[in-house]
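For reference, the structure discussed in these notes is given below.
Number of protein chains: 2
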Amino acid sequence: MTYAQPRDFEYQSAPHSAEPRFVPLPFLTSCEHTQRRLNKEMTVRHFEAGQTLQIRGRCHHRVHVILQGTATLSTSLPDGRTQILRLLMPRDLVGRLGSETTRYDVTAISDVTAGSMSRHEFESLLRISPEMTRRLLHSTLRELDEAREWLLLLGRKTAAEKLASFLLVLQNRSSIRHPSHIRLPLCQFEIADLLGLTHETVSRQLAHLRDQGIIEYRGTRQVEIRDLAALVSASGNHTDPHDMPYVMQ
Amino acid sequence: MTYAQPRDFEYQSAPHSAEPRFVPLPFLTSCEHTQRRLNKEMTVRHFEAGQTLQIRGRCHHRVHVILQGTATLSTSLPDGRTQILRLLMPRDLVGRLGSETTRYDVTAISDVTAGSMSRHEFESLLRISPEMTRRLLHSTLRELDEAREWLLLLGRKTAAEKLASFLLVLQNRSSIRHPSHIRLPLCQFEIADLLGLTHETVSRQLAHLRDQGIIEYRGTRQVEIRDLAALVSASGNHTDPHDMPYVMQ
DNA sequence: CGGAATCTTGATCAACTTCAAGCGTCGTGG
DNA sequence: CCACGACGCTTGAAGTTGATCAAGATTCCG
């Protein structure tokens, strides 16, 4: 369960201050020289909810690092069926590396603040910084694990298990002070596209979890987890991912 | 459609020669020094069909590069439902980087020949070779794209579309001389676990493609594509991934 | 030849989708 | 300030897809 990486990171700036020019991105490098060059090239941009950051098949010349807000990475079939592939949250990188055109749509689903720089510049920075390359490799491997967790969810879990799993992913990202309080960053339509369901099924399964007393509705797009153990059990997951029985070979 | 990368690579060795000691892996590096060290540490191993290369949750101290044969990367739920995450074919790397324990099962589904070396050694080679790191990053990004293509398939495609898409993936890997002749590397049970279906549904959908004249059965586990255009159309894919309408923003 | 594994086919069933309608909420403009 | 409309959410009824259950048929191999 790891859409989550950063529980602690959020871009800090005085709410109504002038546009900050420098964006510290210590998670991309610890090398001072590289960091300076990153800062020099990166500027802050804002995207409104609903706005498109990138469109499948197009060539985009800038990469972005999400600083605030949520976006979706998605793809779709010619007839309009769409699958959300990943939620993009603070610290996530948006932009295709090593290829001219994007394969996915990126859409802001809340107002988004991002650090933005030329893709060309970013790639040349990668070429000269092995450390940045290494960090990018590790974050890509983590993304791959998340994608694979989702393959299991989409291919083999029931609707009820999908919803429970989804809430647990959000729970892992939720604030440490209120671990059972969950703010849903997407509407039910989008949740459906993330879980491979219809929005009606999402509504019914959430209602069912509520009727079982496992969660409680708290105003719009907020839920409270009343029974975490039951939620975990409803998710169909292994309780502990490493509790496999040990058998000598 | 890109489980495929290498259409041309196959590990060459005299069939009954003594165990080769050196394994050339030019796709991991072009640096001669690194290549030499890779060769020095890597030894050839064989795995029989059905044998397990790695088990979820365990700590494995060796990494492997598939040279011949096919293996699956898979995961499962406590009650036994399993999802195949990826087919591992020649040139694919097996082994977890940056973490002690594996998250997935790796199983040979045919006899497999692999180059094998200590994970520790491999990781230290990565630390000193930025070029190898860069190559690994690019192959990881490609794996991520493949996983995401599969997310769309599992989340949004119908059973018929899944089978058609699967055959097209295999077609992309098939020999250049006989592009319409497809050898299935998995039994229908495994195809079902790859596509998120049951084996009965796989059998029925294949029969349906045959009845439509789109494919033809050719002995066990071999099919011939009779009508590629129809197969593409049945897969639900965009004909060209980059044919999106161009709309000015 | 015999037994296991794989594949096929049919009948029934359940989960989820589809279609349809109504309700609540929020934001905007009169 | 209220009315209206868009949007999101809920709920019901009916319909479909694919799963499940159950036999057979076929292939593979020792």
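Listed in order, the protein sequences are those of chains A and B.
Here the first sequence stands for residues 40 to 288, where the numbers follow this note's numbering.
Here the second sequence stands for residues 40 to 288, where the numbers follow this note's numbering.
Each residue gets a CB set at the ideal place from its N, CA and C atoms; glycine is no exception.
Just so we're clear, the structure is a prediction, and the values are computed from it rather than from any experiment.
- Pull up the CB-CB distance for residue 151 of chain B and residue 108 of chain B, whole angstroms please, since I reckon it's below 8 Å. 4 Å
- Message: Under 8 Å, with one C-beta from each stretch per pair, do the region 155–169 of chain A and the region 75–89 of chain A reach the 3-pair mark?
- Response: yes
- Message: Taking its Cβ as the centre, do 16 or more other Cβ atoms sit within 10 Å of residue 261 of chain A, making it buried, or is it exposed?
- Response: exposed
- Is residue 146 of chain B helix, strand or coil when you go by DSSP? strand
- Tell me whether residue 186 of chain A is buried or exposed, calling it buried when 16 or more other Cβ atoms sit within 10 Å of its Cβ. buried
- For residue 103 of chain B, the first and last residue of its enclosing beta strand (DSSP E): 101–107
- With burial defined as no fewer than 16 other Cβ atoms inside 10 Å of the residue's Cβ, what is the status of residue 86 of chain B: buried or exposed? buried
- Task: Name the two residues that bound the continuous beta strand (DSSP E) containing residue 85 of chain A.
- Result: 82–86
- Contiguous alpha helix (DSSP H) assignments of at least 4 residues, all confined to the region 124–169 of chain A: 158–167
- Within the region 202–251 of chain B, note down every full alpha helix (DSSP H) run reaching 4 residues or more, in order along the chain. 227–234, 238–250
- Residues from the region 229–249 of chain A in contact with chain B, defined by Cβ distance under 7 Å: 235
- Applying a beta-carbon distance threshold of less than 7 Å, which residues of chain A neighbour residue 186 of chain B? 183, 186, 187, 190
- Message: Quick check on residue 172 of chain A: does DSSP put it in helix, strand or coil?
- Response: helix
- Task: Run down chain A in chain order and give the residues with a C-beta less than 9 Å from the C-beta of residue 177 of chain B.
- Result: 136, 137
- Query: Does DSSP classify residue 192 of chain A as helix, strand or coil?
  - Reply: helix
- Chain-ordered chain A contacts of residue 124 of chain B [CB-CB under 7 Å]: 187, 190
- Query: Just the Cα atoms here: how many angstroms apart are residue 206 of chain A and residue 176 of chain B?
  - Reply: 31 Å
- Which class does residue 274 of chain A belong to by DSSP, given the choice of helix, strand or coil? coil
- Does DSSP put residue 90 of chain A in a helix, a strand or coil? coil
- Query: In three-state DSSP terms, what is residue 113 of chain B?
  - Reply: strand
- Message: To be precise: take each residue of the region 149–171 of chain B, compare its Cβ to all Cβ atoms of chain A, and keep it if any distance is under 7 Å. Which residues remain?
- Response: 169
- Task: Spatial neighbours of residue 274 of chain A within its chain, please: CB distance less than 6 Å, with the 5 preceding and 5 following residues excluded, ordered by chain position.
- Result: 200, 203, 204, 207
- Item | Interfacial residues, the region 192–226 of chain B to chain A, with Cβ spacing under 7 Å | 193, 194, 195
- Around the C-beta of residue 103 of chain A, are 16 or more other C-beta atoms found within 10 angstroms, so that it is buried, or is it exposed? buried
- Find the residues of chain B that neighbour residue 36 of chain A, judging by a C-beta separation of less than 8 Å, and give them in chain order. Nothing can be reported for residue 36 of chain A: it is not among the residues displayed for chain A, which extend from 40 to 288.
- Task: Could you tell me which chain A residues have their CB closer than 8 Å to the CB of residue 101 of chain B, listed as they occur along the chain?
- Result: Correct list: empty, because the minimum Cβ distance to chain A is about 13 Å.
- Query: At a Cβ threshold of 8 Å, is residue 84 of chain A touching chain B?
  - Reply: no
- When the cut-off is 8 Å and only beta carbons count, does residue 180 of chain B lie next to chain A? yes
- Can you check whether the CB of residue 141 of chain B is closer than 8 Å to the CB of residue 100 of chain B? no
- Item | Candidates A/188, A/196, A/143, A/136, of which the one nearest residue 174 of chain B by Cα | A/136
- Message: Excluding the 5 residues flanking residue 124 of chain B on each side, which residues of the same chain have their C-beta closer than 7 Å to its C-beta?
- Response: 112, 113, 114, 143
- Item | For residue 122 of chain A and residue 191 of chain B, believed in contact at Cβ under 8 Å, the rounded distance | 5 Å
- Along the region 253–265 of chain A, what residues have a CB closer than 8 Å to any CB found in chain B? none
- Query: What residue from A/248, A/255, A/81 has the CA that sits closest to residue 157 of chain A's CA?
  - Reply: A/81
- Message: Is there a Cβ of chain B sitting closer than 8 Å to that of residue 75 of chain A, yes or no?
- Response: no
- Item | chain A within 8 Å of residue 142 of chain B, Cβ atoms only | yes
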